[in-house]
Amino acid sequence: MYLKRIEMKGFKSFADKIELDFNSGITAIVGPNGSGKSNISDAIRWVLGEQSAKTLRGAKMEDVIFAGTETRKPLGCAEVSLTIDNSDNIIPIEYTEITVTRRLYRSGESEYLINNTPCRLKDIQEIFMDTGIGKDGYSLIGQGRVDEILSTRSEDRRNLFEEAAGIVKYKTRKLEAERKLENTRQNLVRIDDIISELEGQIEPLKQQSEVAKKYLAYREELKELEINLILNNYSEARDRYKKIELDLEEMEKSKQEEENRKLKLKNEVASIKQELYKVDQEIEKISANRLDLEKNQEIKQGEIKVLNERYANFINEIDRIKNEISNIREYISEIDESIEALDQDNTELLSEIQNIKQEIDKLEKDYNSLNKKYIQVEGEIEEKKSTLLQILNEISQEKNRINSFEITLQNFNRRREQLNLIRNQKEEDLKAVKKEKESNDSSLRNLNDKKNNSLDLLNSVVEQINLLDSEEKRYTAERNNIISELKSKEARYNALVSMENELEGFNKATKYILTNYKENVGVLGAISDIIKVPKGYETAIEIALGAAIQNIVVKDENIATKLIDILKKNNIGRVTFYPLTTVRYKPITLDEKVKVMAGYLGLANEIVSYDELYTNVVGNILGRIIICDNLENAKRLAKEIDYSYRIVTLEGDVINAGGSFTGGSVGRTSGIFTRKNEIEELKGNIYVLNQKIGELDTNINKIKESISNYHLKRNQLELEIKEVEREIQILLGKQLFYEKQIEEINKNIIDIDIELEQIQIETDKLNKQLEEKNSNLTTLEEKQEYIQKNIDEVQLSIKDLQVNRDVIYKELTDKRIVYAEKNKILEGINERRRQLEKEKNNYNNRIVNYELEIENLNKKIDQTKETIKQNLVELQKYAEDIIKIKEEYYSFEQKKKENTDILQSKEKEISAVDENITSIINTIHKLELSKNKLENEMEVLTNKLWDEYEITIPQAIKYKKDLGNISEISKKVNILKSNIRALGDVNVNSIEEYKRVIERYNFLKQQREDLVNAEKSLVGIINDMVAKMTEQFKYNFRIIRENFNTTFRELFGGGYADLRLDGEDVLNSGIEIIVQPPGKKLQSLSLLSGGERGLAAIALIFAILKMKPTPFCVLDEIEAALDDANVNRYAEFLKGYSEKTQFIIITHRKGSMAVADTLYGVTMEEKGVSKVVSLKLKGGN
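Mapping of the sequence shown onto our numbering: residues 859 to 2039, in sequence order.
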């Protein structure tokens, strides 16, 4: 058998369907980190039933479905199929190829298939059980599994060894058998309880069934007599009923004649009302027309008044416009005069402007001549000033240089002073830092002392935690024992409560009432519900009650009647009811001598407890029954009371009133009261056990709280130690900082001294340059003085020329100003003339518009006159129409009065007819009442026949006989009813109930025997499997031990390795791994290096494979921690074992790849989507 093929689609990064074919030998899967290699290993683990998303490197199982990329959408389903070649029939099924498939949908649904047939996960696990293949087997060693194999908890390694030893199958079956054994024992407890209940019911039911048979014989005779009485009464009522029906027919006929007459009168009235309606319609129409005409008349009058007012307004408007035109013409005359005056001023001003222009031209000519001479002399002065300016610039530059040198010297002096101050400060700082360093060193010593003290205190707290842990385990063990006892009692309690809730022991009819009507306020419960029996008296009270234990107490007789009707209607059976309103009890009086006799315990109603409300009911049932301790004492007591009352012993023996004895065996713990008391007792026991558990929980919680406090204290101490260590590190950092600071300050002082020396050199150099610049400045100032003197002489000659030029320029400017002012005045005159012309034109336009408006108003006046004339004609016509409509209105009013008188006469006739009909209806009503009374009487007889005997009147005819005198029949009926009452409470269902209980009792007895046999069988099977597992595990464990030592020595090149069981219990004890690499002492696994741990785990895996080769083995980078030499050694092992086991290895190491027969490469050409390429190699080298 080997892994033939794996198909994946939508699993993790494998978005597209891929298919990997595997051959025997070694197949290596390689690829860069993150390409999806390990997803192949996860897929194999997943399809074999892995349920942990964390093991599959996810947060939830949905994470195995392809989640999409930037360019691809997420898929809705992940599917992996594993095909295994089974041609050698290692797996005992008929297929040569087995394909296991698992699908998971994003909705959460999943499915498993074997060869495309749906199956359970359990089916998949069972076919691979003990083959080494499975999610927990040694055929799948994934990343991180090496550490699990070498886990420090020896118990965690058992799964691997149990799978290798081949006992997983037996262990699973053993667990299943133990579950079945527990269920069997629970069933035995329940069956024993039910059998006990049934044993208590058999004897009472037998007695009840015998009474029921007598009852049925009496009832059959009573049935025949009562049916004949009912038939006789029914016949008499039916004859009276037929006579009433004939009288009703006559009255109905008279009623119909009167109603026809009334209908005719109503038709005539309706016709008159229709005519009146038409007249009213005409009157309303005429009134509406009259109102319309009067309204139109008022409107026309209003329109004429408005038109007259409009005519007067038009006349007034024309007068106003004519006055406005007259005023405008006066304004135009004034504007013409103003324009003429402006034209005269304009002519005079133009002459003045011409004269000023000539004077300006002459002055401009004189000014230009003088200005030319002035500019020539000014040019000579500017040349000299330019030369002077150049010299001044040179002087300024020299002064700037001198000033710059002086400032630089000042800066050097200030810098020298600053450096001296800084040097002094640095020396002070150096002293301060040295002082702080000494303080820091002292604090560091104190913190180290504090850390050592905290470590001592921490060790003390850890010891205390260990002591409290031991105490907690002791309390927990005690708690587990109590919980075990509690579960046992709860199981018994639940079984009894279930029987109580199911009303086990009650007959069908009682169960029906209590189940469906117990919530009804009128149903107070069965007799067994209302009384409480002291412990030890259960059997005596149950025998004393007999069948009455199933009787039901109700509020009143109406509820009892209603419930009896329900039982009859549903054909359920019979129940005896005790209405509180009708049941009476007369207490008996016993001689004091009887009460002090040996064995006397009391009257039954005094022994039980109950609510005061039920005193009469309990007294009625138990008030005449004496309870005695045993039969011997009961006999003496019965003789004393002359067998007047019934006596019941604690064992259930009975001496009946009259002297008969009843007794025999009674089933153990069988009664309803016994069950109730046991429920209460168990309830109390459960409460006590829960209290104990609560106390233990309190103690455990206190211990846990103490442990928590100590843990908190430990954490605080650890935090303090960490804080101290942190402070120590801070102080160490400060110490280093102070040392660096001292070094830095010393370096700064040296740098300051060097800078002071450099400043002195630069100062000497600047003083020398300053002397040279002062000499140059003196020479330049002498040149400046000479040139300035020449400029002053030339400026004196130009001054007279400038005065003459300025006089001419001033006169020229004045003339230009006058010229501009005159031109401005001329423009103002022209502008004013234009404005006046514009106003004149506007006024002329207004006159034209006014004249047009007058013309329009005259036209409107003519139109208004014509409209007034037309409205006066229409107004006259409206007045004539109103007179005609008033005459027509009076005519219709007269017609309406005539029809109203006729209508009143007809309605009086209808009232007379209604009185006749009412009289007839009253007579009919009386007859119908008599008819209904007879119908009710007949219905009562019919219902009585049905309720009592469930037959109808026609069916009862076959029972009809000529029995003679009716009174004699009635007397005989009463005698039979008296006989039935003498029988007391009768449970008719007890006949069938007795038969059913006996059958069920015998059936359960047989079931109990079967369960006992099954229990013995299961115990034997479990013991056989334990023996088989022990033998097989010991044998295979010994082989694995030998193989482990061998493979360890081969892989490590020496050393020693062993496996040991940690305890005497072979099947449950942990497994210790002992290794000793060559050249080293025997040591703990946790002290091995990563490479040594990995190599030790590989040695263990190969040891198991050597003992029991698995068909295929998937190894996911288990050699990652090995160096190249060990990888090559590991690869050689793979090559050697590949003859019996197919290996699929996921690797990065060249040594592992070198021995592979087939290479698969996994890559991500598309981001987030894995692809596979394959390469087959020859020879595996």
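The beta-carbon is built from N, C-alpha and C at its ideal position, and this holds for glycine as well.
Our two residues, PHE872 and THR885, have alpha carbons roughly 19 Å apart in a direct line. Looking at the DSSP output, LYS867 shares a beta bridge with GLU937. Relative to GLU1329, the option among VAL2020, ILE1683, GLU1563, VAL1381 whose CA is nearest is GLU1563.
Annotation: GLN1132 to ASP1138 spans about 10 Å, alpha carbon to alpha carbon.
If you look at ASP1923, you'll find it isn't in any beta strand (DSSP E); DSSP assigns it neither H nor E.
A Cβ-Cβ contact shorter than 7 Å links LYS1592 with ASN1298.
Taking all protein chains shown into account, GLY892 has fewer than 16 neighbouring C-beta atoms within 10 Å of its C-beta and is therefore exposed.
Inter-residue distance for ARG1337 and VAL2030 is about 58 Å (C-alpha atoms, whole angstroms).
Per DSSP, VAL1412 is one residue of the beta strand (DSSP E) stretching across 1410 to 1412. Pairwise C-beta distances place the segment 1731 to 1750 out of contact with the segment 1211 to 1227, as fewer than three of them are shorter than 8 Å. Annotation: GLU1746 to ILE1760 spans about 23 Å, alpha carbon to alpha carbon. Within the model, the alpha-carbon separation for GLU1296 versus GLN1283 is close to 20 Å. Excluding the 5 residues flanking it on each side, LYS1964 has same chain C-beta neighbours closer than 6 Å at ASN1901, in chain order. Taking the Cβ atoms as the reference, GLN1159 lies roughly 7 Å from LEU1733, within the contact range of under 8 Å.
For PRO1812, the enclosing alpha helix (DSSP H) stretches over residues 1811 to 1814. Residue environment: GLY1363 is assigned as buried (16 or more neighbouring CB atoms within 10 Å of its CB, all protein chains considered). By the Cβ neighbour-count rule, ARG1482 is buried, with 16 or more other Cβ atoms within 10 Å of its own.
Sequence-distant partners of ILE1190 (beyond 5 residues in either direction) whose C-beta falls short of 8 Å from its own C-beta, in its chain, are LYS1698, TYR1701, ASN1702.
Straight-line spacing of the CA atoms in ASN1845 and ILE1879 works out to 49 Å.
The beta-carbon separation of MET1883 and LYS1032, rounded to 5 Å, stays under the 8 Å limit for a contact. A direct Cα-Cα distance of roughly 12 Å separates ILE1849 from LYS1072. Per the DSSP secondary-structure output, TYR860 pairs in a beta bridge with ASP943.
By the neighbour-count definition (other C-beta atoms within 10 Å, threshold 16), LEU1869 is a buried residue.
Secondary structure of PHE924 (DSSP, three-state): coil. At a Cβ-Cβ threshold of 7 Å, LEU1953 and LEU1909 count as neighbours. Of the candidates GLU1851, TYR963, ASN1086, GLU1222, ASN1086 places its Cα closest to the Cα of GLN1813. In terms of Cβ geometry, GLN1408 and ASN1365 form a close pair [threshold 7 Å]. Take SER2010, set aside five residues on each side of it, and the residues of its chain with a beta-carbon closer than 8 Å to its own are ALA886, GLU1977, VAL1985, TYR1988, ALA1989, LEU1992, ILE2003, in chain order. Bounds of any beta strand (DSSP E) do not take in GLU1400; it lies within the alpha helix (DSSP H) bounded by 1396 to 1403. In the structure shown, the three-state DSSP call for ASP1974 is strand. With respect to the C-alpha of ASP900, the residue from LEU940, SER1836, ALA1840 having the closest C-alpha is LEU940.
For THR1373, the uninterrupted alpha helix (DSSP H) run begins and ends at 1366 to 1375, by DSSP.
DSSP places LEU1325 within a helical segment (H, G or I) once states are collapsed to three. Taking each of ALA925, ILE1898, VAL1069 in turn and checking the Cα distance to ARG964, the smallest one comes out for ALA925.
Take the alpha-carbon of ASN1729 and the one of GLN1155: they are about 10 Å apart. GLY1404 places its beta carbon 7 Å or farther from that of TYR1443.
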